[in-house]
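S.K.:
Residue numbers (this note's numbering), protein chains in the order written: chain V, 371 to 479; chain C, 12 to 122.
Right, dumping it as structure tokens:
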């Protein structure tokens, strides 16, 4: 079983829509969680950390559900510039980072 | 000012050649990584070094050999390049729970 599973999509949504991605993890000892964004032909960049209490940054909200072992990313009022691949990252211990396969989002005018 | 810099950005080479990719970070991070991203976009870890010591070595052909002269540098040498080695190779570094910082990637094309 993979450490981290993500729906690869693609998600095609109209501008202004709200879209949510989930990412499940298998190891209950996982300690830290992040969402990364990767644009085409670019490196992944940190979008936001994910905390149990939730984390909001403008139109983006990240949540962690430890009981069900998943993290989520909600994007409100989607913009064309939100089109990218979104990767979840789970740290189990120390330097054990695990990436999801990424979810592709395309925001359509 | 680039936090994680890797060179070259593009590399086109013939099968059978030997090539190296260099990576340097100025973030003071203790841990550095090499990742491979293939055409299906999946990021797969290859190696991880913590303070110059190898800590993760995934199932990677022996033709790939990382070298870390100090904790700010992690280079990747590839012998006898094969067509299947074509991919984007990302260097990254991390400090505790800060998450990763990636280099801009090296697009390797083997012809």
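Don't be surprised by glycine CBs; every beta carbon is placed ideally from N, CA and C.
The structure displayed is predicted, hence computed values, not measured ones.
In or out: residue 26 of chain C buried (at least 16 other Cβ within 10 Å) or exposed?
M.R.: Exposed, because fewer than 16 other Cβ atoms sit within 10 Å of the Cβ of residue 26 of chain C.
S.K.: To the nearest whole angstrom, what separates the beta carbons of residue 411 of chain V and residue 454 of chain V, a pair I think is in contact under 8 Å?
M.R.: With a Cβ gap of about 11 Å, residue 411 of chain V and residue 454 of chain V do not count as contacting.
S.K.: Since residue 384 of chain V meets chain C, which of its residues come closer than 7 Å, beta carbon to beta carbon?
M.R.: Neighbours of residue 384 of chain V on chain C: none; closest Cβ ~24 Å, over 7 Å.
S.K.: I'd like the list of long-range same chain contacts for residue 94 of chain C, defined as Cβ closer than 7 Å, with 5 residues on each side in sequence excluded.
M.R.: Only 26, 121 meet the Cβ criterion.
S.K.: For residue 433 of chain V, which residues in the same chain have their Cβ closer than 6 Å to its Cβ, ignoring the five residues on either side in sequence?
M.R.: Taken in chain order, the residues that qualify are 424, 442.
S.K.: For residue 347 of chain V, which residues in the same chain have their Cβ closer than 6 Å to its Cβ, ignoring the five residues on either side in sequence?
M.R.: Summary: the structure shown does not reach residue 347 of chain V, with chain V confined to residues 371 through 479, and so no result is reported for it.
S.K.: Strictly under 8 Å for the Cβ-Cβ distance: is residue 58 of chain C near chain V by that measure?
M.R.: Not an interface residue.
S.K.: List the residues of chain V that residue 139 of chain C touches, going by C-beta distances under 9 Å, in chain order.
M.R.: This structure gives no information on residue 139 of chain C, because the portion of chain C shown stretches from 12 to 122.
S.K.: What residue ranges within the region 49-81 of chain C form continuous beta strand (DSSP E) runs of no fewer than 3 residues, ordered along the chain?
M.R.: Taking only runs of at least 3 residues, the beta strand (DSSP E) segments lying wholly in the region 49-81 of chain C are 54-61, 64-68, 75-81.
S.K.: Below 8 Å on the Cβ atoms is my guess for residue 478 of chain V versus residue 383 of chain V; work out the distance and round it to an integer in Å.
M.R.: That belief holds up - the Cβ atoms of residue 478 of chain V and residue 383 of chain V are roughly 7 Å apart, short of 8 Å.
S.K.: List, in chain order, every chain V residue whose beta-carbon is nearer than 9 Å to that of residue 119 of chain C.
M.R.: Under the 9 Å cutoff, chain V gives no residues; its nearest Cβ is about 14 Å from residue 119 of chain C.
S.K.: So that I know if they touch, is there some Cβ in chain V lying closer than 8 Å to that of residue 100 of chain C?
M.R.: Not an interface residue.
S.K.: Can you tell me whether residue 23 of chain C is buried or exposed? The criterion is at least 16 other CB atoms within 10 Å of its CB, across all chains shown.
M.R.: Residue 23 of chain C comes out exposed.
S.K.: Run through DSSP, which three-state label would residue 450 of chain V get?
M.R.: If DSSP states are grouped into helix, strand and coil, residue 450 of chain V belongs with the helices.
S.K.: First and last residue of the beta strand (DSSP E) that includes residue 427 of chain V?
M.R.: 425-427 is the extent of the beta strand (DSSP E) around residue 427 of chain V.
S.K.: Please compile the residues from chain V whose C-beta is within a distance smaller than 7 Å of the C-beta of residue 53 of chain C.
M.R.: Those are 471, listed as they occur along chain V.
S.K.: How would you call residue 400 of chain V, buried or exposed, if buried means at least 16 neighbouring beta carbons within 10 angstroms?
M.R.: By the 10 Å Cβ count, residue 400 of chain V comes out buried.
S.K.: Quickly, what does DSSP pair residue 445 of chain V with across the bridge? List them, please.
M.R.: In the DSSP output, where bridge partners are listed per residue, residue 445 of chain V has V/389, V/430.
S.K.: Rounded to whole angstroms, what's the CA-CA distance from residue 43 of chain C to residue 54 of chain C? Just pull it up for me.
M.R.: Taking the straight line joining both Cα atoms gives about 15 Å.
S.K.: Looking at chain A, is there any beta carbon in it that lies within less than 8 Å of the beta carbon of residue 374 of chain V?
M.R.: Note that chain A does not occur in the displayed structure, where the protein chains are V and C.
S.K.: Given a cut-off of 8 Å, decide if residue 110 of chain C and residue 416 of chain V are closer than it, judged by their beta-carbon atoms.
M.R.: Cβ distance < 8 Å, so residue 416 of chain V and residue 110 of chain C count as in contact.
S.K.: Name the chain C residues that come within less than 9 Å of residue 434 of chain V, Cβ to Cβ?
M.R.: By Cβ distance, chain C contributes nothing, its closest Cβ being about 14 Å from residue 434 of chain V, past 9 Å.
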